[in-house]
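Q:
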Amino acid sequence: MKKSELLRDKDLFECLLRHEGLKKLRALFDSFMDRPVWWVAYRSYLSPGLFKANLEASFKVWGDPRSRNFPHAGRLAGILKKKTKQALPFTFTLPGGRVNTGVPLLVSGRLIGFLGFVGRKNGIRQSLLVFLSDYVQLILESCVKTEELSRLSATIRPRAIALSTVHTVHRIINSTLNLEELVSRLAHLTAQVLRVNRCAIYLVHKPSERSSGNLQGKKKTGRPSRLALVQKALVGYPKGKERGAKVLWRKALEGRVAKTAEIILRKKLICLPLIDEDVIGVITVSGKKDRKDFTYFDQEILTTLAEEAVIAIKNAQLYEEQRKVTLGTIQSLAVILGSRVPTSMPPEIFLRMVLRVGRRLRLGEEETQALHYATLLKDTAKIGIPEAILKKPTKLTGQEYQLLREHPIKGAKIVQSFESLRPVAPIILYSREKYDGTGYPEGLKGERIPIGARILAVINAFEAIVFGRPYRDQSSLTEALDELRRNSGTQFDPKVVDAFIRIVEKEGFHRFLRNA
1386 MKKSELLRDK DLFECLLRHE GLKKLRALFD SFMDRPVWWV AYRSYLSPGL
1436 FKANLEASFK VWGDPRSRNF PHAGRLAGIL KKKTKQALPF TFTLPGGRVN
1486 TGVPLLVSGR LIGFLGFVGR KNGIRQSLLV FLSDYVQLIL ESCVKTEELS
1536 RLSATIRPRA IALSTVHTVH RIINSTLNLE ELVSRLAHLT AQVLRVNRCA
1586 IYLVHKPSER SSGNLQGKKK TGRPSRLALV QKALVGYPKG KERGAKVLWR
1636 KALEGRVAKT AEIILRKKLI CLPLIDEDVI GVITVSGKKD RKDFTYFDQE
1686 ILTTLAEEAV IAIKNAQLYE EQRKVTLGTI QSLAVILGSR VPTSMPPEIF
1736 LRMVLRVGRR LRLGEEETQA LHYATLLKDT AKIGIPEAIL KKPTKLTGQE
1786 YQLLREHPIK GAKIVQSFES LRPVAPIILY SREKYDGTGY PEGLKGERIP
1836 IGARILAVIN AFEAIVFGRP YRDQSSLTEA LDELRRNSGT QFDPKVVDAF
1886 IRIVEKEGFH RFLRNA
């Protein structure tokens, strides 16, 4: 008999003994018999010569507590040994006159054991014996269906989890394109889905990249070296020990997987590669919360999750590459603008102050990026304004002032022509609006003005007050902050003014200059 059949038979017996139908059957016979002693024995997979010993060890007996030891087990073993050939209901008389009744337990015509009882001296009628046999068989068939459903559920569950995981990963893909945040979320999701204590995700270090420490590029063979994996996300590891000996030792395993693209399934660990066209990373899980061993189903779930994770990671990497190209272009343009547009505050200081205000106001990732780009491109349209007007120390004429007022509109149009910069256009367009609605170009009021534009308005004004313009003298830091307070709620958003002043007063304006 195969080991799988033995395990299945054992499960069927446990189901049979728990079944409500068997409990009711026993109650029915107990009601009109003299304290019957019920017994059940499963057929041994041992040789016939050892059947008796195994049978005695496998007895389960109910009924009269005084009969728990069942002194007739040896005689019953001999009878059952003969009955295995016929597999029919039977009765026989024990010493003392009591009658032992038994029925076979059959699964698809295969005998797996017997169930019976020792009852009164005159036994039971043949019709009751047939009823007993048929009823027990129905119970057993019910158990077979229950076990089949259980096995089917065990087979389907990983696939259901995998489908759910795919849906969840899709939500993660749509929620962020920040690579660091994405990988961290994927690690936590993996730990949650597989119910593990630890999850680590590593990404392959590209040959063109250089970093300090023990990270290297690829070897001359073209394969990533053992230390070519950058640790991107850890879940469940002790704080402060992420780069300790234990994690470094485990890196050897991840390095091997990165080189060979093989999947490693062990009792307490699964390590598999993240594959696009080549291996782009490795994911490792270990320590199931229920302390059980990992199975092929766990590997299947992790594989499904990894396939979706690769798509998310590649999207984030492509987005990051595009962002770097865009930022490089913007910075080059900002340098050109800086050579024409007179400003006294170093551009990096201006940008730092803008982004710190945005962070204090808890802007989202996309809002922060748009604000970053808008800060660099805020004077785009001034490239078309005569330098004489930009540097004119006296009051502008009406025509000159009108030309200057048009620069936010022209700047927004220039920026809007680039698909990736369209979110930046409203910030540039409305950076000259006032909180009370008296600004230009459209006279927007309050919260209708984009938050990025409200931030730029405050720091543009601060720069003009402190560093001066060709048409106005410089003022002290204290005077500048006082003027911002006076115009809070009219020209400027009070929230932005409050956030900016807190940053300047807490960290000190000269600290910005030192850290530039």
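Note that the sequence shown ends on residue 1901 in the numbering used here; no numbers are left out.
Heads up, the beta-carbon is just placed ideally off N, CA and C, and yes, glycines get one too.
(1) Could you give the DSSP three-state label for residue 1849: helix, strand or coil?
(2) Using DSSP with H/G/I as helix, E/B as strand and the rest coil, what is residue 1704?
(3) Out of 1651, 1656, 1652, 1650, which has the shortest C-alpha to C-alpha gap to residue 1640?
(4) Near residue 1687, what residues of its chain come up, given a Cβ to Cβ distance below 8 Å and the 5 sequence neighbours on each side ignored?
(5) Rounded to whole angstroms, what is the Cα-Cα separation between residue 1750 and residue 1744?
(6) Relative to the C-alpha of residue 1650, which residue among 1560, 1864, 1660, 1682 is closest?
(7) When the Cα atoms are used, what is the spatial distance from residue 1691 to residue 1755?
(8) Just to confirm, is the Cβ distance from residue 1504 to residue 1484 under 8 Å?
(9) For residue 1471, count neighbouring C-beta atoms within 10 Å of its own C-beta (all shown protein chains included) and say buried if the count is 16 or more, exposed if not.
(10) Need the endpoints of the beta strand (DSSP E) that residue 1427 sits in, please.
(11) Looking at the unbroken beta strand (DSSP E) that takes in residue 1484, where does it start and where does it end?
(12) Within its chain, find whatever has a CB closer than 7 Å to the CB of residue 1509; leave out the 5 residues flanking it on each side and keep chain order.
(13) Per DSSP, which residues does residue 1656 bridge with? Please list them.
(14) Quick one: is residue 1806 near chain B, going by C-beta distance under 8 Å?
(15) Quick check: what's the CA-CA separation for residue 1881 versus residue 1739?
(16) By alpha-carbon positions, which one of 1469, 1422, 1464, 1529 ends up nearest to residue 1404?
(17) Going by Cα to Cα distance, which pick from 1581, 1718, 1720, 1699 is closest to residue 1915?
(18) What separation, rounded to the nearest whole angstrom, lies between the Cα atoms of residue 1747 and residue 1662?
(19) DSSP three-state call for residue 1837: helix, strand or coil?
(20) Quick check: residue 1589 and residue 1695, are their CB atoms within less than 8 Å of each other?
(21) Per DSSP, residue 1873 forms a beta bridge with which residues?
(22) Tell me whether residue 1674 counts as near the ligand GDP, meaning its Cβ is closer than 7 Å to at least one heavy atom of that ligand.
(23) Count Cβ pairs between the region 1812-1822 and the region 1853-1863 that sit closer than 8 Å; are there 3 or more?
(24) Just to confirm, are residue 1499 and residue 1465 a CB contact at a threshold of 8 Å?
(25) Who are the Cβ neighbours of residue 1522 in its own chain at under 6 Å, not counting the five residues just before and after it?
(26) Find the nearest neighbour of residue 1770 within the set 1793, 1407, 1884, judged by alpha-carbon distance.
(27) Write down the C-beta distance between residue 1886 and residue 1869 rounded to the nearest angstrom, noting that I regard them as a contact closer than 8 Å.
(28) Just verifying my parser: in three-state terms, what is the DSSP assignment at residue 1736?
(29) For residue 1398, which residues from the same chain have a beta carbon less than 6 Å from its beta carbon, with the 5 sequence-adjacent residues on both sides left out?
(30) So, for residue 1418: in the same chain, excluding its five sequence neighbours on each side, which residues have a beta-carbon less than 7 Å away from its beta-carbon?
(31) From what residue to what residue does the alpha helix (DSSP H) around residue 1783 run?
A: On the basis of the supplied data:
(1) helix
(2) helix
(3) 1656
(4) 1575, 1579, 1655, 1657, 1668, 1670
(5) 10 Å
(6) 1682
(7) 31 Å
(8) yes
(9) exposed
(10) 1422-1427
(11) 1484-1492
(12) 1486
(13) 1649, 1669
(14) In the structure shown, chain B cannot be found, because there is only a single protein chain.
(15) 10 Å
(16) 1529
(17) Nothing about residue 1915 can be read from this structure; the chain reaches only from 1386 to 1901.
(18) 38 Å
(19) helix
(20) no
(21) 1877
(22) The ligand GDP is absent from the structure shown, which contains no ligand whatsoever.
(23) no
(24) yes
(25) none
(26) 1793
(27) 7 Å
(28) helix
(29) 1427
(30) 1504, 1505
(31) 1783-1790
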